[in-house]
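Here the numbering used here is used: position 132 in the sequence shown is 435, and no number is missing along the way.
Ideal Cβ positions, reconstructed from N, Cα and C, are used throughout, including at glycine.
No experiment lies behind these values; they were computed from the predicted model shown.
For reference, the structure is listed below as structure tokens.
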Amino acid sequence: MQRETSIGSTSLQQWLQEIDLGMRPSTVIPALPQSRISLLRWQCDRGNSKILKARPLESDYRISLLLAPLSTRIWSNGEPVWEGELEAGHFRICPPGTASEWSRHSSCDIVNVFLPKRLVQALCVNHVQPSIQVDEACERESIAHERPLVCLPETQYRHDPFVSAAIAQLISAQRNTSHLSRLSCDHLALALAAHLVAQYNQPIAAPKAKQGQVPSNYFRMHSALSYMEEHLSEDLKLRQIAAYAGMSASHFAREFAASFGQTPHRYLLQRRLETAREKLMNTQLPVTDLAMDLGFHDASHLSRAFTRQFGMSPSAFRRRHCQN
Numbered sequence: 304m305q306r307e308t309s310i311g312s313t314s315l316q317q318w319l320q321e322i323d324l325g326m327r328p329s330t331v332i333p334a335l336p337q338s339r340i341s342l343l344r345w346q347c348d349r350g351n352s353k354i355l356k357a358r359p360l361e362s363d364y365r366i367s368l369l370l371a372p373l374s375t376r377i378w379s380n381g382e383p384v385w386e387g388e389l390e391a392g393h394f395r396i397c398p399p400g401t402a403s404e405w406s407r408h409s410s411c412d413i414v415n416v417f418l419p420k421r422l423v424q425a426l427c428v429n430h431v432q433p434s435i436q437v438d439e440a441c442e443r444e445s446i447a448h449e450r451p452l453v454c455l456p457e458t459q460y461r462h463d464p465f466v467s468a469a470i471a472q473l474i475s476a477q478r479n480t481s482h483l484s485r486l487s488c489d490h491l492a493l494a495l496a497a498h499l500v501a502q503y504n505q506p507i508a509a510p511k512a513k514q515g516q517v518p519s520n521y522f523r524m525h526s527a528l529s530y531m532e533e534h535l536s537e538d539l540k541l542r543q544i545a546a547y548a549g550m551s552a553s554h555f556a557r558e559f560a561a562s563f564g565q566t567p568h569r570y571l572l573q574r575r576l577e578t579a580r581e582k583l584m585n586t587q588l589p590v591t592d593l594a595m596d597l598g599f600h601d602a603s604h605l606s607r608a609f610t611r612q613f614g615m616s617p618s619a620f621r622r623r624h625c626q627n
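Here it is in structure tokens:
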């Protein structure tokens, strides 16, 4: 895909270059000065049954809005999530790390809005602790707060009049090239991002602190928990997590165990197993693929850990759940 305008971060530009859509965007809003949010609109008057694939985008959340009905098949991280016709005005949220595949069987008019991950994280911090301003949160690596972190999760297609109206106004405002119009786009885009976080946020699971104890490094611990949650599929090393929290590996391990009563390794394993259990109940993803997606060496590694935790193998658990 060729582009004449820089869209956003280097990783976003590379991601876009790798997707062969067979068409060029009809509308482009490059990364806005303050929010760094960008927008692309794709229009085509015919279908294309070719299966298109997009590797996980780590730098941005992708908001996909349909401006016209669309007949399509969609997969997310290898799992089918939709087949059929979607109505105009519906949108979905694709968080960083979401691998997508799709084919379309009709004409299309689709808008993709890209929200920088750092901006969304700052809005999540502001949502749970309003005293911390968004621009302040954007500039700092981690923010102290005393309530559980929230995130912006993946959603299926849904209708939201505010999202449709905000994106329509963005497209309209960008036609005027004045400085004030650019400023208007920036504020509209930020309002859209704030609305999404306010309406669709989800608490991030965290281990409970020991009874009656508030961790002295509370914000560093929760910053590390957020990092671990976002990288469950990777072979995380203790030193990586500790560095993200701004601590040495040994100091971080001691603080984590003192705060939550378990080691970082145990917490990671627990979260991976809980996620595996949820996917076994709600998807048909093969156990081998599930193991790879959740950072296990192979299906046997997942099966052994799952059996120790839940008393039965992943396959037996799935069969029992289906019977129930």
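Is the separation between the beta-carbon of residue i and that of residue j shorter than 8 Å?
i, j, result
"Cys411", "Arg365", "no"
"Pro456", "Thr401", "no"
"Ile340", "Ala501", "no"
"Arg407", "Thr458", "no"
"Val453", "Cys488", "no"
"Ala545", "Ala552", "yes"
"Arg580", "Met550", "no"
"Ile354", "Glu404", "yes"
"Leu539", "Leu571", "yes"
Between the options, which lies nearest to residue i when the distance is taken from Cα to Cα?
i, options, result
"Ala494", "Ile354, Ala476, Gln477, Val466", "Val466"
"Ala652", "Leu319, Gly614, Arg344", "This structure gives no information on residue 652, because the portion of the chain shown stretches from 304 to 627."
"Leu535", "Gln424, Ala476, Arg569", "Arg569"
"Val416", "Ser562, Leu572, Leu368", "Leu368"
"Gln316", "Gln337, Asp363, Asp538, Met326", "Asp363"
"His604", "Leu335, Leu539, Leu576", "Leu576"
"Pro383", "Leu588, Asp596, Asn504", "Leu588"
"Ser409", "His490, Asp348, Arg622", "Asp348"
"Arg421", "His462, Ser338, Ser475", "Ser338"
"Leu335", "Phe563, His482, Ala556", "His482"
"Glu533", "Asp596, Ser484, His490", "Asp596"
"Ala425", "Leu593, Asn504, Ser484, Phe555", "Asn504"
Alpha carbon to alpha carbon, what distance is there between residue j and residue i?
i, j, result
"Ala619", "Arg395", "33 Å"
"Arg607", "Tyr547", "30 Å"
"Ala391", "Leu373", "7 Å"
"Glu307", "Arg611", "Confidence at Glu307 is low in this model, with a pLDDT of 41, below 50, so its placement is unreliable and no value can be given for it."
"Arg542", "Asn351", "46 Å"
"Ala629", "Gln472", "Outside the modelled stretch of the chain, which goes from 304 to 627, sits residue 629, for which no answer is possible."
"Thr586", "Leu486", "44 Å"
"Ala496", "Val414", "15 Å"
"Pro328", "Gln346", "7 Å"
"Ser616", "Trp378", "26 Å"
"Ser314", "Glu361", "8 Å"
"Val590", "Leu583", "8 Å"
"Thr566", "Ile310", "41 Å"
"Tyr460", "His393", "6 Å"
"Arg574", "Glu386", "30 Å"
"Leu342", "Leu319", "12 Å"
"Ala469", "Met326", "25 Å"
"Ile592", "Leu499", "Note that residue 592 corresponds to Asp in the displayed sequence, not to Ile. About 31 Å."
"Ala556", "Phe563", "11 Å"
"Gly614", "Glu537", "25 Å"
"Val517", "His490", "Low confidence applies to Val517: its pLDDT is 47, below 50, so where it sits in the model is not reliable enough to give any reading."
"Thr578", "His600", "16 Å"
"Pro399", "Arg622", "32 Å"
With residue i as the anchor, note down where its beta strand (DSSP E) starts and where it stops.
i, result
"Ala357", "351-357"
"Leu379", "Note on identity: in this sequence residue 379 is Ser, with Leu being the wrong assignment. First-last of the beta strand (DSSP E) with Ser379: 373-379."
"Glu386", "382-389"
"Phe394", "393-397"
"Arg365", "363-369"
"Asp348", "Where Asp348 is concerned, there is no enclosing beta strand (DSSP E), given that its DSSP letter is neither H nor E."
From what residue to what residue does the alpha helix (DSSP H) around residue i run?
i, result
"His482", "482-503"
"Asp596", "590-596"
"Leu605", "602-613"
"Leu576", "567-585"
"Thr330", "Where Thr330 is concerned, there is no enclosing alpha helix (DSSP H), although the beta strand (DSSP E) it sits in stretches over 330-332."
"Tyr547", "541-547"
"Gln317", "313-321"
"Gln472", "464-476"
"Phe555", "552-563"
Taking all protein chains shown into account, do 16 or more other C-beta atoms lie within 10 angstroms of the C-beta of residue i, making it buried, or fewer, making it exposed?
i, result
"Lys356", "exposed"
"Asn429", "buried"
"Ile332", "buried"
"Met531", "buried"
"Gly598", "buried"
"Pro419", "buried"
"Ser475", "exposed"
"His624", "exposed"
"Arg450", "Reliability of the predicted coordinates at Arg450 is poor, the pLDDT of 41 falling under 50, and no value is obtained from them."
"Arg478", "exposed"
"His525", "buried"
"Glu388", "exposed"
Please check if any C-beta of chain D sits within less than 8 Å of the C-beta of residue i.
i, result
"Ala527", "Included in the structure is just one protein chain, with no chain D present."
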